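Undergrad: First the structure, then my questions, so here it is.
2 protein chains.
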Amino acid sequence: MQISELVLDKYKLTENEVNHTMSAYSPMTLKANQFFLKEGDICNYIGFVKEGLLRSYFYDDHANEIITEFYPEGSLVISFDSFNNRVPSRENIKSIVDSELMIIKYEKQKELYEMIPAWNQICKDLADMISQEMIERASRFQTMSATERYRLFCKENPTIRQRATLGHIASYLGIDIATLSRIRKKK
Amino acid sequence: MQISELVLDKYKLTENEVNHTMSAYSPMTLKANQFFLKEGDICNYIGFVKEGLLRSYFYDDHANEIITEFYPEGSLVISFDSFNNRVPSRENIKSIVDSELMIIKYEKQKELYEMIPAWNQICKDLADMISQEMIERASRFQTMSATERYRLFCKENPTIRQRATLGHIASYLGIDIATLSRIRKKK
DNA sequence: ACAATACTTTGACAAAAGTCAAAAAATTAT
DNA sequence: ATAATTTTTTGACTTTTGTCAAAGTATTGT
Numbered sequence: 766m767q768i769s770e771l772v773l774d775k776y777k778l779t780e781n782e783v784n785h786t787m788s789a790y791s792p793m794t795l796k797a798n799q800f801f802l803k804e805g806d807i808c809n810y811i812g813f814v815k816e817g818l819l820r821s822y823f824y825d826d827h828a829n830e831i832i833t834e835f836y837p838e839g840s841l842v843i844s845f846d847s848f849n850n851r852v853p854s855r856e857n858i859k860s861i862v863d864s865e866l867m868i869i870k871y872e873k874q875k876e877l878y879e880m881i882p883a884w885n886q887i888c889k890d891l892a893d894m895i896s897q898e899m900i901e902r903a904s905r906f907q908t909m910s911a912t913e914r915y916r917l918f919c920k921e922n923p924t925i926r927q928r929a930t931l932g933h934i935a936s937y938l939g940i941d942i943a944t945l946s947r948i949r950k951k952k
Numbered sequence: 766m767q768i769s770e771l772v773l774d775k776y777k778l779t780e781n782e783v784n785h786t787m788s789a790y791s792p793m794t795l796k797a798n799q800f801f802l803k804e805g806d807i808c809n810y811i812g813f814v815k816e817g818l819l820r821s822y823f824y825d826d827h828a829n830e831i832i833t834e835f836y837p838e839g840s841l842v843i844s845f846d847s848f849n850n851r852v853p854s855r856e857n858i859k860s861i862v863d864s865e866l867m868i869i870k871y872e873k874q875k876e877l878y879e880m881i882p883a884w885n886q887i888c889k890d891l892a893d894m895i896s897q898e899m900i901e902r903a904s905r906f907q908t909m910s911a912t913e914r915y916r917l918f919c920k921e922n923p924t925i926r927q928r929a930t931l932g933h934i935a936s937y938l939g940i941d942i943a944t945l946s947r948i949r950k951k952k
């Protein structure tokens, strides 16, 4: 999700509003494999990825890590449900490589909602977008083979393909790692 | 989605507000296989299913019907994206059996938003719920076999299981009909 | 009622995807 | 640098799922 473009282009914030928004955010640096959010905690921050890559995951009954999302540069990192509804997160969010984010605390974000009306629309549209992405994700599982899913993933995410492990991508696509290794091999 | 309970229990509308809401809705009857919404049209109505069953679907590149959702009694029938953003729907919504709905037109619903503040929250929560359901749906494809998906579907939807065809359920679960027939047979 | 249509089952295969275990590569930490 | 750990690949299967085509069953419309 390319939030910066979204905000500046589409919502026509005044210079003042842009400045105010910008100054509400502060930088955060994560080394590889550090948590942005732990399962059970309440998500208190929204983050924008300036540099790096993160992943979101939970554990299934067999304690396997199930990856549900990647956050490359330009993404908005948030557990939407936890952040908005102030409930414990069911997912973990962790950096895959060293990453730089801009973050904003829940309370500050709330202030923005009140001070800058456009933010309400931005938030609504983001929820829409996230929802659309999940619909698309489900329908790809529904209609595409493992090979097709992998090919499309690589086309859409060339930068992730290089930085995430085969295991991460396999988990995200719901494919066994041995199978994905074989899919990769045959061209 | 059990909208009636939601509205009455959780949001504590005044009697006045409930009455106002109720009178904004009007009944709609659909015979089996009638459209509630056609691909390309803008979704102008929200419907609540009082009786019956509907399905939402689109066509893939091979002109196969891909079913993305069922709407049994108590469901809210809507193309969220189309209704809220006034864009053409990418999905069709059609009754499977004779059905009775209560519907409300876009303009009327907008009035409700303005007159009854709680409706904004209801709408936001519904969006959340739909989003959560899609996340759940995707993660089932990601982690469960065809047999497991079917078993769980039947457990969660005993009434749909009886009224939708095997083909409908197979499409929804992303399983070939011959395969689903065999899954059914073995116990 | 019965023809037409739609749906489901079945057989015989084929292809796709998973399992287990071991080896080979790559990465990381000391 | 090199030992330890983590990832990836590979072989030899097994299991799951899909394909095609035909034959049964239901359902529906006139």
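Here the protein sequences line up with chains A and C, keeping their order. The first sequence begins at 766 in the working numbering and counts up one residue at a time. The second sequence begins at 766 in the working numbering and counts up one residue at a time. For each residue, glycine too, the CB sits at the ideal point set by N, CA and C. All values reported here derive from a predicted model rather than from experimental measurement.
(1) Could you name the residues of chain A that Arg902 (chain C) contacts, counting a contact when the two beta carbons are closer than 7 Å?
(2) Do Tyr790 (chain C) and Leu818 (chain C) come within 8 Å of each other at the CB atom, strictly closer than that value?
(3) Note down, in chain order, every chain C residue with its Cβ under 8 Å from the Cβ of Gly939 (chain A).
(4) Excluding sequence positions up to five away, which residues of its chain have a Cβ less than 7 Å from the Cβ of Glu856 (chain A)?
(5) Determine the DSSP secondary structure at Lys815 (chain C), reduced to helix, strand or coil.
(6) Please decide whether Gln897 (chain C) counts as near chain A, where near means a Cβ-Cβ distance under 8 Å.
(7) Which residues in the same chain as Gln799 (chain A) place their Cβ atom closer than 7 Å to its Cβ, once the five residues preceding and following it in sequence are excluded?
(8) In the DSSP assignment, find the unbroken alpha helix (DSSP H) run with Pro923 (chain C) in it and report its ends.
(9) Tell me whether Gln767 (chain C) sits in a helix, a strand or coil according to DSSP, three-state version.
(10) Could you give the C-beta distance for Phe801 (chain C) and Leu841 (chain C), rounded to a whole number, given that I count them as a contact under 8 Å?
(11) What's the C-alpha gap between Glu782 (chain C) and Lys875 (chain C)?
(12) I'd like the span of the beta strand (DSSP E) that includes Thr908 (chain A), first residue to last.
(13) Helix, strand or coil for Lys775 (chain C), going by three-state DSSP, please let me know.
(14) What does Ile831 (chain A) reach in chain C if we use C-beta pairs closer than 9 Å?
(15) Is the beta carbon of Thr794 (chain A) closer than 8 Å to that of Glu961 (chain A)?
(16) From the DSSP output, read off the bridge partner residues of Ser864 (chain C).
(17) With distances taken Cα to Cα, identify the nearest neighbour of Arg916 (chain C) among C:Ile948, C:Leu877 and C:Asn809.
(18) Any beta carbon from chain A within less than 8 Å of Ala760 (chain C)'s own beta carbon?
(19) Ignore the nearest five residues each way along the sequence and tell me which others in Asn784 (chain A)'s own chain have a CB closer than 8 Å to its CB.
(20) Going by CA-CA distance only, name the one from A:Ile925, A:Ser910 and A:Glu780 that's closest to Gly711 (chain A).
(21) Using the Cα positions of Ser904 (chain C) and Asn850 (chain A), report the straight-line distance between them to the nearest angstrom.
(22) Output the distance between the C-alpha atoms of Leu945 (chain A) and Ala929 (chain A), rounded to the nearest integer angstrom.
(23) Note down, in chain order, each residue of its chain lying with its Cβ closer than 8 Å to the Cβ of Ile868 (chain A), except the 5 sequence neighbours on either side.
(24) What span of residues does the beta strand (DSSP E) with Tyr878 (chain A) cover, start to end?
(25) Taking buried to mean at least 16 other C-beta atoms within 10 Å of its own C-beta, is Gln907 (chain C) buried or exposed?
(26) Quick test of your reading: Ala883 (chain A) and Leu778 (chain A), contact by CB under 8 Å. State the CB separation rounded to the nearest angstrom.
(27) Three-state secondary structure (DSSP) at Val783 (chain C)?
(28) Whose CA, out of A:Glu898, A:Glu780, A:Asp863 and A:Glu830, lies closest to the CA of Gly932 (chain A)?
(29) With 9 Å as the C-beta to C-beta threshold (strictly closer), list the residues of the segment 874 to 892 of chain C near chain A in chain order.
(30) What residue range does the beta strand (DSSP E) around Ile955 (chain C) cover?
(31) How about Asp846 (chain A): is its C-beta nearer than 8 Å to some C-beta of chain C?
(32) Can you pull the chain A neighbours of Asp825 (chain C), defined as C-beta to C-beta under 8 Å?
(33) List the whole-angstrom C-beta distance separating Met899 (chain C) from Ile900 (chain A), where the pair is believed to meet the contact cut-off of C-beta under 8 Å.
(34) Starting from the C-beta of Glu816 (chain A), find all residues in its chain whose C-beta is less than 7 Å away, skip the five residues before and the five after it, and write them out in chain order.
(35) Are there any heavy atoms of the ligand GTP lying less than 7 Å away from the beta-carbon of Asp806 (chain A), as far as the coordinates show?
TA: Working from what's here:
(1) Taking the first residue of the second sequence as position 1, residue 902 (chain C) is located at position 137. Those are Ala903, listed as they occur along chain A.
(2) The residue given as residue 818 (chain C) occupies position 53 in the second sequence. The residue given as residue 790 (chain C) occupies position 25 in the second sequence. Contact flag unset, no.
(3) Within the first sequence, numbered from 1, the residue matching residue 939 (chain A) stands at position 174. In chain order: Phe906, Gln907 and Thr908.
(4) Start at 1 with the first residue of the first sequence, and residue 856 (chain A) comes out as number 91. These residues qualify, in order along the chain: Glu804, Ser821, Tyr822, Phe823, Thr833 and Ser844.
(5) Along the second sequence, one-based indexing puts residue 815 (chain C) at 50. Strand, per DSSP.
(6) For the purposes of this step, residue 897 (chain C) is taken as the residue at position 132 of the second sequence. For Gln897 (chain C), the answer is yes, since a Cβ of chain A falls inside 8 Å of its Cβ.
(7) Indexing the first sequence from 1 puts residue 799 (chain A) at position 34. Hits under 7 Å: Lys859 and Ser860.
(8) The count along the second sequence starts at 1 and reaches residue 923 (chain C) at position 158. For Pro923 (chain C), the enclosing alpha helix (DSSP H) stretches over residues Pro923 to Arg928.
(9) For this step, residue 767 (chain C) is matched to residue 2 along the second sequence. Low confidence applies here, because Gln767 (chain C) scores a pLDDT of 49, under 50, leaving its location unreliable and the question unanswered by this model.
(10) Within the second sequence, residue 801 (chain C) is the residue found at index 36, counting from 1. Within the second sequence, residue 841 (chain C) is the residue found at index 76, counting from 1. No, Phe801 (chain C) and Leu841 (chain C) are not in contact; Cβ-Cβ is about 12 Å, not under 8 Å.
(11) Locating residue 782 (chain C) in the second sequence gives position 17, where the first residue counts as 1. Locating residue 875 (chain C) in the second sequence gives position 110, where the first residue counts as 1. Across the structure, Glu782 (chain C) and Lys875 (chain C) are spaced so that their CA atoms are roughly 14 Å apart.
(12) Taking the first sequence and counting its residues from 1, the one referred to as residue 908 (chain A) is at position 143. Taken as a continuous stretch (DSSP letters only), Thr908 (chain A) belongs to no beta strand (DSSP E), being part of the alpha helix (DSSP H) at Ala883 to Thr908.
(13) Stepping through the second sequence from its first residue, residue 775 (chain C) is reached at position 10. Helix, per DSSP.
(14) Here residue 831 (chain A) refers to the residue found at position 66 when the first sequence is read from its first residue. For Ile831 (chain A), the residues of chain C that pass the 9 Å Cβ criterion are Ser904, Gln907 and Thr908, in the order they occur in the chain.
(15) No answer is possible for residue 961 (chain A): it lies beyond the span of chain A, which begins at 766 and ends at 952.
(16) The residue labelled residue 864 (chain C) in the question sits at position 99 within the second sequence. Answer by DSSP bridge pairing, in chain order: C:Leu795.
(17) Taking the second sequence and counting its residues from 1, one reaches residue 916 (chain C) at position 151. The candidate whose alpha carbon is nearest that of Arg916 (chain C) is C:Ile948.
(18) This structure leaves residue 760 (chain C) out entirely; chain C is present only between 766 and 952.
(19) Start at 1 with the first residue of the first sequence, and residue 784 (chain A) comes out as number 19. Excluding positions up to five away in sequence, the list is empty.
(20) Because chain A is modelled from 766 through 952, residue 711 (chain A) falls outside the range shown and cannot be assessed.
(21) Start at 1 with the first residue of the second sequence, and residue 904 (chain C) comes out as number 139. Start at 1 with the first residue of the first sequence, and residue 850 (chain A) comes out as number 85. Cα to Cα, the separation comes out at about 21 Å.
(22) On the first sequence, position 180 is the one that residue 945 (chain A) refers to. On the first sequence, position 164 is the one that residue 929 (chain A) refers to. Roughly 13 Å between the two C-alpha positions.
(23) As a working mapping, residue 868 (chain A) is identified with position 103 in the first sequence. If we look at Ile868 (chain A) and ignore the five residues flanking it on each side, its Cβ neighbours are Tyr790, Ser791, Pro792, Met793, Tyr810, Ile811, Gly812 and Phe813.
(24) For the purposes of this step, residue 878 (chain A) is taken as residue 113 along the first sequence, with counting starting at 1. Taken as a continuous stretch (DSSP letters only), Tyr878 (chain A) belongs to no beta strand (DSSP E), being part of the alpha helix (DSSP H) at Tyr871 to Met880.
(25) On the second sequence, residue 907 (chain C) is found 142 positions in, with the first residue counted as 1. Burial is judged here by how many other beta carbons sit within 10 angstroms of a residue's own beta carbon; Gln907 (chain C) has at least 16 and is buried.
(26) Looking up residue 883 (chain A) in the first sequence gives position 118. Looking up residue 778 (chain A) in the first sequence gives position 13. About 6 Å separates the two Cβ atoms, so the contact holds.
(27) In the second sequence, residue 783 (chain C) corresponds to position 18, counting from 1. It is helical.
(28) The sequence position of residue 932 (chain A) within the first sequence is 167, counting from 1. Ranking A:Glu898, A:Glu780, A:Asp863 and A:Glu830 by Cα distance to Gly932 (chain A) puts A:Glu830 first.
(29) Lys889, Asp890 and Ala892
(30) Nothing about residue 955 (chain C) can be read from this structure; chain C reaches only from 766 to 952.
(31) Taking the first sequence and counting its residues from 1, the one referred to as residue 846 (chain A) is at position 81. True, the Cβ-Cβ gap to chain C drops below 8 Å.
(32) On the second sequence, residue 825 (chain C) is found 60 positions in, with the first residue counted as 1. In chain order, Thr908 make up the part of chain A whose C-beta sits under 8 Å from the C-beta of Asp825 (chain C).
(33) Stepping through the second sequence from its first residue, residue 899 (chain C) is reached at position 134. Stepping through the first sequence from its first residue, residue 900 (chain A) is reached at position 135. Rounded, the Cβ-Cβ distance is 5 Å, consistent with contact.
(34) Indexing the first sequence from 1 puts residue 816 (chain A) at position 51. Once the five neighbours on either side are set aside, the close Cβ partners of Glu816 (chain A) are Glu838, Ser864 and Glu865.
(35) The model on display carries no ligand, and the ligand GTP is accordingly not part of it.
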